[in-house]
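S.K.: Listed in order, the protein sequences are those of chains A and B.
Position 171 of the first sequence, counted from 1, bears residue number 178 in my numbering, the numbering being contiguous throughout.
Position 173 of the second sequence, counted from 1, bears residue number 222 in my numbering, the numbering being contiguous throughout.
Below are the structure tokens for one structure; questions will follow.
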Amino acid sequence: MHIPDGFISPQTYLPTYALAAGLWAYAAHRVKKRLDADTLPFLAAYTALAFVLMMVALPLPGGATAHAAGIGLLAVCFGGWMAFLAVSLVLAMQALLFGDGGITALPINALAMGGVGAFCALAAWKLLARLHENLALFLAGWLSIVLPAALVAVVLGLQPAIARDADGAPLFFPFGLSVTLPAVLLPHVLVGIAEGVLTVLGYRYLTRLRSRLAA
Amino acid sequence: MNRDRLLLCLYLAGILAATLVHDPVWLGAGLVLILLLAGGDAWRLLRRALLAILAFNTLISLSYALMAWWQDISPWLTLARLNLRVLLLTSLTFLFIARANLFRALDFSKGLTYVLGLAYSQALTFRRAHEDFRLALASRSLRRPRLMDRYRASAAAASWFLEKSLHAATQSAQALRSRGFFHD
């Protein structure tokens, strides 16, 4: 879902930055209430964890690999706003310190992955955890991948309609929704399965680890 | 305003300008300007930017050329504009990363600088460890590892990172508290 710079029009990324900036400020305000010597390092550590989870390759049958995102796991374990901030920081770090991913795509990725992904994962977890914990965790992981992918596909697919020259040629991303939706969404439906499994296993492991550290 | 914050503002203005200009000639001129600003590092910068965009842009460009051929329209202007813009923006970002100190540019917020600094240092450590895990699996396998071996290796790496994150957070919390970070 990493969109390089140059594919998103300013008509899209400028309002998205305004929206994301408001949410970042609100998230920082929410998290700041809990921000102390304990929570601040945790935010940094989970940012680094989300960063590295995005590097861990999940092998798929047939030799291909997918990359985990860990958004569902972060949201379920540490809450939606913390996950939103951590994922946004990861994306900012990737764009501005490692040169990976675009600065113009940053607010779109942050809102899609950290916003929609994290909060839908949290909602799935809260709604279904009492019925079946593993199913809730799996769905949290799956949704945290599939829904952001759908949103990114829609944003990309709208670019030819939003920005075109006098002759009707696209100025930014050149393909419409009929191409972007299947091209982006179908692989992520499969990647989401791997992410769902990772969320179940990661949550179990983290719960065990926390109780071991607390003992 | 310190030098790095000024560079950050110039970088953001450059990004905005490059997305508001649509003439390939001006986009090309912008790229030449960035390479001139890079000085002796121009060739390395261009090579790095080309490598970074190669896979994504080749896929998009070939797909668009095929679609244009199918619909009997000329793809050249769109392809030139798209590829020059992406190359210009990527080169600009790499030049900014090489010339500016982001931590100093963001030092108006103590908390933000602290979180970014801590996350960055841990991310660097984790990235090195991730590469070590990858090389360890490759060096211990005579032939391409089976799917199950790769699952086990990924699970072992992920569990190590989870554990390391918790320990790092606990250690940082103790270090912060002992230095009175929140009481200055």
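Don't be surprised by glycine CBs; every beta carbon is placed ideally from N, CA and C.
Among B:Ser140, B:Arg153 and B:Arg130, which residue has its Cα nearest to the Cα of Ile110 (chain A)?
M.R.: As a working mapping, residue 110 (chain A) is identified with position 103 in the first sequence. Nearest of B:Ser140, B:Arg153 and B:Arg130 to Ile110 (chain A), Cα basis: B:Ser140.
S.K.: On the CB-based measure, 16 or more other CB atoms within 10 Å of its CB, does Pro22 (chain A) come out buried or exposed?
M.R.: Looking up residue 22 (chain A) in the first sequence gives position 15. Its Cβ having fewer than 16 others within 10 Å, Pro22 (chain A) is exposed.
S.K.: Exposed or buried, Gly69 (chain A), counting other C-beta atoms within 10 Å across all chains shown (16 or more means buried)?
M.R.: Looking up residue 69 (chain A) in the first sequence gives position 62. The predicted position of Gly69 (chain A) is uncertain, since its pLDDT is 48 and thus under 50; no value can be drawn from it.
S.K.: Could you say which of B:Leu56, B:Gln220, B:Trp75 and B:Ala205 lies nearest to Leu137 (chain B) if we only look at CA atoms?
M.R.: Working through the second sequence from its first residue, we reach residue 137 (chain B) at position 88. The candidate whose alpha carbon is nearest that of Leu137 (chain B) is B:Trp75.
S.K.: What does Arg171 (chain A) pair with, by DSSP beta-bridge criteria?
M.R.: Sequence index remark: in the first sequence, residue 171 (chain A) carries index 164 (1-based). Answer by DSSP bridge pairing, in chain order: A:Pro177.
S.K.: For Ala53 (chain B), which residues from the same chain have a beta carbon less than 6 Å from its beta carbon, with the 5 sequence-adjacent residues on both sides left out?
M.R.: One-based indexing of the second sequence puts residue 53 (chain B) at position 4. In the sequence as displayed, the identity of residue 53 (chain B) is Asp instead of Ala. Taken in chain order, the residues that qualify are Ala149, Asn150, Arg153 and Ala154.
S.K.: Does the distance from the CB of Phe14 (chain A) to the CB of Leu163 (chain A) come in under 8 Å?
M.R.: Looking up residue 14 (chain A) in the first sequence gives position 7. Looking up residue 163 (chain A) in the first sequence gives position 156. Yes, the pair counts as a contact, with Cβ atoms nearer than the cut-off.
S.K.: For a minimum of 4 consecutive residues, which ranges assigned as the alpha helix (DSSP H) are wholly contained in the segment 70-112 of chain A?
M.R.: Qualifying alpha helix (DSSP H) stretches, in chain order: 78-85 and 87-103.
S.K.: Work out the CA separation of Pro194 (chain B) and Ser188 (chain B) for me, nearest whole Å.
M.R.: Counting from 1 along the second sequence, the entry for residue 188 (chain B) is found at position 139. Counting from 1 along the second sequence, the entry for residue 194 (chain B) is found at position 145. Near 11 Å, if we compare the C-alpha coordinates of Pro194 (chain B) and Ser188 (chain B).
S.K.: One question on the structure: do Gly209 (chain A) and Trp149 (chain A) come within less than 8 Å of each other, judged by their Cβ atoms?
M.R.: Position 202 of the first sequence, counting from 1, holds the residue named residue 209 (chain A). Position 142 of the first sequence, counting from 1, holds the residue named residue 149 (chain A). No, the Cβ-Cβ distance between Gly209 (chain A) and Trp149 (chain A) is not below 8 Å.
S.K.: What are the boundary residues of the alpha helix (DSSP H) that Val123 (chain A) is part of?
M.R.: Along the first sequence, one-based indexing puts residue 123 (chain A) at 116. Element bounds for Val123 (chain A): n/a, residue is neither H nor E.
S.K.: Cβ closer than 7 Å: which chain B residues qualify as neighbours of Thr111 (chain A)?
M.R.: By one-based count along the first sequence, residue 111 (chain A) stands at place 104. Within chain B, the residues near Thr111 (chain A) are Ile64 and Thr68.
S.K.: With H, G and I counted as helix, E and B as strand and the rest as coil, what does DSSP make of Ser110 (chain B)?
M.R.: The count along the second sequence starts at 1 and reaches residue 110 (chain B) at position 61. The answer is helix: DSSP assigns Ser110 (chain B) an H, G or I state.
S.K.: Quick check on Ser15 (chain A): does DSSP put it in helix, strand or coil?
M.R.: As a working mapping, residue 15 (chain A) is identified with position 8 in the first sequence. According to the sequence shown, residue 15 (chain A) is Ile rather than Ser. Coil at Ile15 (chain A), not helix or strand.
S.K.: Classify Ala71 (chain A) as buried or exposed, calling it buried when 16 or more other Cβ atoms lie within 10 Å of its own Cβ.
M.R.: Indexing the first sequence from 1 puts residue 71 (chain A) at position 64. Interpretation of Ala71 (chain A) is limited by its pLDDT of 48, a score under 50 that renders its predicted location unreliable; no figure is taken from the coordinates.
S.K.: How many whole angstroms separate the CB atoms of Ala55 (chain A) and Ala172 (chain B), which I take to be in contact at a CB cut-off of 8 Å?
M.R.: If you number the first sequence from 1, residue 55 (chain A) lands on position 48. If you number the second sequence from 1, residue 172 (chain B) lands on position 123. A Cβ-Cβ separation of about 5 Å places Ala55 (chain A) in contact with Ala172 (chain B) under the 8 Å criterion.
S.K.: Could you confirm whether any beta carbon from chain A is found closer than 8 Å to the beta carbon of Ala87 (chain B)?
M.R.: Position 38 of the second sequence, counted from the first residue, corresponds to residue 87 (chain B). Ala87 (chain B) does not count as touching chain A.
S.K.: In angstroms, rounded to a whole number, what distance separates the CA positions of Leu95 (chain B) and Ala114 (chain B)?
M.R.: For the purposes of this step, residue 95 (chain B) is taken as residue 46 along the second sequence, with counting starting at 1. For the purposes of this step, residue 114 (chain B) is taken as residue 65 along the second sequence, with counting starting at 1. Near 24 Å, if we compare the C-alpha coordinates of Ala114 (chain B) and Leu95 (chain B).
S.K.: On the premise that Ser110 (chain B) lies in contact with Leu128 (chain B), defined as a C-beta separation below 8 Å, what is that separation, rounded to the nearest angstrom?
M.R.: Here the question's residue 128 (chain B) lines up with position 79 in the second sequence. Here the question's residue 110 (chain B) lines up with position 61 in the second sequence. Confirmed, Cβ separation roughly 5 Å.
S.K.: Counting contacts by CB-CB distance shorter than 8 Å, is Cys190 (chain B) in contact with chain A?
M.R.: Reading the second sequence from its first residue, position 141 is the one you call residue 190 (chain B). In the sequence under discussion, the amino acid at residue 190 (chain B) is Ser, which differs from the Cys named in the question. By this cut-off, Ser190 (chain B) is not an interface position.
S.K.: Is Phe157 (chain B) close to chain A? Criterion is C-beta to C-beta, closer than 8 Å.
M.R.: The sequence position of residue 157 (chain B) within the second sequence is 108, counting from 1. Judged by the 8 Å Cβ criterion, Phe157 (chain B) is not in contact with chain A.
S.K.: Kindly list, in the order they appear in chain B, the residues whose Cβ is closer than 7 Å to that of Val162 (chain A).
M.R.: Residue 162 (chain A) sits at position 155 when you count from the first residue of the first sequence. Those do not exist, as Val162 (chain A) stays about 15 Å from chain B at its closest Cβ, beyond 7 Å.
S.K.: Just to confirm before moving on: does the CB-CB distance between Ser16 (chain A) and Thr142 (chain B) stay below 8 Å?
M.R.: To locate residue 16 (chain A), count along the first sequence from 1; it is residue 9. To locate residue 142 (chain B), count along the second sequence from 1; it is residue 93. Their beta carbons are not under 8 Å apart, which means Ser16 (chain A) does not touch Thr142 (chain B) by this criterion.
S.K.: Kindly indicate which three-state DSSP category Pro194 (chain B) falls into: helix, strand or coil?
M.R.: As a working mapping, residue 194 (chain B) is identified with position 145 in the second sequence. Of the three classes helix, strand and coil, the one that applies to Pro194 (chain B) here is coil, per DSSP.
S.K.: Residues of chain B with CB under 7 Å from Ala55 (chain A), in chain order?
M.R.: Here the question's residue 55 (chain A) lines up with position 48 in the first sequence. Near Ala55 (chain A) (Cβ distances below 7 Å), the residues of chain B are Ala168, Gln171, Ala172, Phe175 and Ser214.
S.K.: Can you pull the chain A neighbours of Leu138 (chain B), defined as C-beta to C-beta under 9 Å?
M.R.: As a working mapping, residue 138 (chain B) is identified with position 89 in the second sequence. Going along chain A in sequence order, the residues near Leu138 (chain B) (Cβ under 9 Å) are Pro11, Asp12, Gly13, Gly109, Ile110 and Thr111.
S.K.: I'd like to know whether the C-beta of Phe85 (chain A) is nearer than 8 Å to at least one C-beta of chain B.
M.R.: Numbered from 1 along the first sequence, position 78 holds the residue referred to as residue 85 (chain A). Against chain B, the CB of Phe85 (chain A) has no partner CB under 8 Å away; the residue lies outside that interface.
S.K.: Looking at the structure shown, is Arg226 (chain B) part of a helix, part of a strand, or coil, going by DSSP?
M.R.: Position 177 of the second sequence holds residue 226 (chain B). Three-state result, Arg226 (chain B): helix.
S.K.: Could you confirm whether any beta carbon from chain A is found closer than 8 Å to the beta carbon of Val81 (chain B)?
M.R.: Your numbering for residue 81 (chain B) matches position 32 in the second sequence. With 8 Å as the cut-off, Val81 (chain B) does not count as an interface residue toward chain A.
S.K.: Short of 6 Å in beta carbon distance, which residues of its chain neighbour Leu129 (chain A), apart from the five on each side in sequence? Order them along the chain.
M.R.: Residue numbering aside, residue 129 (chain A) sits at position 122 when the first sequence is read from its first letter. Closer than 6 Å at Cβ, skipping near neighbours: Ala82 and Gly87.
S.K.: Helix or strand or just coil, what does DSSP make of Asp53 (chain B)?
M.R.: For the purposes of this step, residue 53 (chain B) is taken as residue 4 along the second sequence, with counting starting at 1. It is helical.
S.K.: Check whether chain A comes within 8 Å of Val74 (chain B), counting only Cβ atoms and requiring the distance to be less than that.
M.R.: To locate residue 74 (chain B), count along the second sequence from 1; it is residue 25. No, its Cβ sits nowhere closer than 8 Å to a Cβ of chain A.
S.K.: Quick check: what's the CA-CA separation for Gly77 (chain A) versus Thr206 (chain A)?
M.R.: Taking the first residue of the first sequence as 1, we reach residue 77 (chain A) at position 70. Taking the first residue of the first sequence as 1, we reach residue 206 (chain A) at position 199. Cα-Cα distance, rounded: 7 Å.
S.K.: Just the C-alpha distance for Ala178 (chain B) and Tyr200 (chain B), rounded to the nearest angstrom, thanks.
M.R.: Translated into positions along the second sequence, residue 178 (chain B) becomes position 129. Translated into positions along the second sequence, residue 200 (chain B) becomes position 151. So the alpha carbons of these two residues sit roughly 17 Å apart.
S.K.: Please state whether DSSP places Gly183 (chain A) in a helix, a strand or coil.
M.R.: Along the first sequence, read from residue 1 onward, the residue named residue 183 (chain A) stands at position 176. Of the three classes helix, strand and coil, the one that applies to Gly183 (chain A) here is coil, per DSSP.
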